[in-house]
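Here is the structure we will look at.
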Amino acid sequence: MVEGTISEWKAVEGALIQKGDAIMEYENEKNTIEYESVHGGYLHILEPAGETVEVGKPIAWVTETKEEYEALTGGALAAETSSVPAEAPAASAPPAEQAAPAAAEPPQGRCHIRATGLARKIAREAGVNLADVPAGSGPDGRRVAARDVKAYLESRRAAPAAAPAAPAAVEDEITAIPWTGVRKTIARNMMTSLQQSAQCTAMCEVDVTDLLVLRKKLVEGEEYLGCRVTVNDLLCMAVCKVLKKHPTVNATFDGQTLYSHSHVQLSLAVATEGGLMVPVIKNADTLTLTELSLAAKDLGLRAREKRLRNGEQGCGTCTVSNVGMFPIDMSTPILNPPEVGIFGFGRTARKPGYLPDGTLTPRDMMWVYLTFDHRVVDGLEAGKVFKDLQYLLEHPQLITV
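Here our numbering = 1-based position in the sequence shown + 1.
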C-alpha cells in the first residue's frame with residue numbers, strides 16, 4: 002500500500018475521543034477499513050474526508066489536554082459575529098416622466114376598395130383583405146380585379162416561410178468525480194494487466210438445458226440441502242473440476258516463473274457500488290456443492306457491504322466472472338494478475354437445437370468464454386479446457402460427483 006483515501010471522519014474536529022474509538026474510515030487498494038485511535042484526547046483533523054494521502058503522512062493530531070489543543074489550533078474558535086448590513090442607499094427619485102411621443106398618423110389608405118365582384122368572391126373565400134391587394138389591372142386601371150387577387154395569393158405562397166425560432170440554449174452541467182480509492186486501483190490494475198500480458202479470449206456456446214433442470218431439482222431440495230443452489234454455484238463447481246485436470250490454467254505467472262497450484266483458489270468477480278471486488282474461496286476444489294454455495298454467498302455479501310477481512314482477497318489461481326443476470330451474451334474479461342486464466346459466462350437464451358438423434362427442439366444455450374495469458378496457455382490447451390467444460394455442463398450430474 003502506497004496511499005489511501007479517507008472516506009469518512011466518524012469524529013468531528015475538536016472532539017474528545019477515547020483510545021480504541023473508531024474515528025475514521027479509509028479505503029486501501031482492496032477494501033474499506035475502520036481506523037481505531039491508539040490515543041485518547043482532543044482531535045485536530047489535518048486531512049479532510051475524500052483526500053488521498055500517502056502512507057506515512059499525518060492526517061490528524063490528538064492532544065492530551067484542551068489547552069494543548071487550543072495551542073495547536075491557535076486558540077478556541079471565536080464565536081461568529083453577525084455582520085451588520087450596510088445601510089441601503091436612499092432610493093433614487095423616480096425618473097421624470099417622459100413625454101409620450103405624438104401618435105403617428107395612420108397611413109393614408111383607401112376608404113372604399115373598388116373591386117370587381119369576382120375579385121371580392123375570391124378574396125372572401127381566401128380570407129384576404131382587399132386593402133392589401135395592389136390595384137391596377139381592373140377595367141379602369143383603379144379597381145382590384147380577380148387577376149390581382151390571384152397574383153397576390155401566388156406571391157404569398159412563393160414567399161419563404163419564416164425560420165423557426167432557435168431553441169433556447171441549455172447549459173451543460175459537468176460534475177467532477179475524483180478517481181480515488183478502489184476505483185483508481187481497479188483502473189490502474191486493468192491497464193497494467195493488458196500491458197504486461199498477452200491476453201487472448203476464446204468462446205464456445207454450450208447447451209445448458211440439463212444444467213437448468215438439475216438446478217431446479219436442487220432448488221426444490223433447498224430445505225434438505227440447507228442452502229439455495231444457484232446456476233453460478235454449479236458453474237463454479239464445474240470450473241474447479243476442469244482446473245484440476247488442467248494445472249497450467251490453475252496457475253500464476255510473474256513473467257519469469259510459472260507457479261502451478263495443487264488446489265484451486267477460486268476468485269469471484271463481485272460488482273459493488275465502490276467497484277469490482279474479487280474475494281477468493283480458498284481450496285474451492287475440496288468443498289462440496291453446498292459448501293461452495295454457502296462460501297460464495299458469504300463472500301459476495303460481505304464484499305458488497307465492505308466487510309471483507311484481511312486475506313480474503315488476493316492469492317487466487319483463477320477467476321470466474323458471470324454476467325448472466327444482464328442481457329450480455331459474450332464478453333472479453335481482463336485477467337486478474339498474476340492469474341493466467343479467467344472464465345466468463347453469459348446469459349441463457351432459448352434457441353432451436355438438434356438432439357443427438359437429429360430431433361429439432363428448443364434448447365437453453367449459454368456462451369462460455371475464457372481469457373488466458375497466451376505466454377503460458379496455448380490454443381491447444383485452451384481447446385482441451387473448453388472440451389472438458391462443455392462435457393461437464395452438458396452432463397451436469399457429473400458436476401456434483
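Just so you know, even glycine gets a beta-carbon here, dropped at the ideal spot from N, CA and C.
Cβ neighbours of Gly41 within its own chain (closer than 7 Å, five residues either side excluded): Ile18, Gln19, Lys20.
In the three-state reduction of the DSSP assignment, Gly222 falls in the coil class, being assigned neither a helical nor a strand state.
The beta-carbon distance between Thr181 and Thr53, rounded to whole angstroms, is 5 Å. This is short enough to meet the 8 Å contact definition. Under DSSP, Val271 shares a beta bridge with Met278. According to the DSSP assignment, Cys241 belongs to the alpha helix (DSSP H) that extends over 232-246.
For Gln257, no beta strand (DSSP E) run applies, since DSSP gives it neither H nor E. Of the candidates Tyr43, Ala296, His396, Ala296 places its Cα closest to the Cα of Thr287. Ser8 sits in a strand when the DSSP states are folded into three classes. Taking 9 Å as the cut-off, the Cβ atoms of Ala239 and Ile343 do not count as close. Within the same chain, Ile7, Glu9, Trp10, Lys11, Ala12, Glu35, Tyr36, Ile60, Ala61 come within 8 Å of Met25 by CB-CB distance, once the 5 residues on both sides are set aside. Here Tyr225 is exposed: its Cβ has fewer than 16 other Cβ atoms, across all protein chains shown, within 10 Å.
Its chain contains no residue whose beta carbon lies nearer than 8 Å to that of Glu221 once the 5 sequence neighbours on both sides are disregarded. Cα atoms of Val377 and Leu259: separation of roughly 8 Å, rounded to the nearest angstrom. In this structure the segment 300-312 touches the segment 273-282; the number of beta carbon pairs closer than 8 Å is three or more. Secondary structure of Phe373 (DSSP, three-state): strand. The Cβ atoms of Leu195 and Ile335 sit closer than 9 Å to each other. Each residue's CA atom was taken as its position, placing Val3 and Leu267 some 27 Å apart.
Less than 9 Å divides the Cβ of Ala203 from the Cβ of Ala383. DSSP places Asp22 outside both helix and strand once states are collapsed to three, so it counts as coil.
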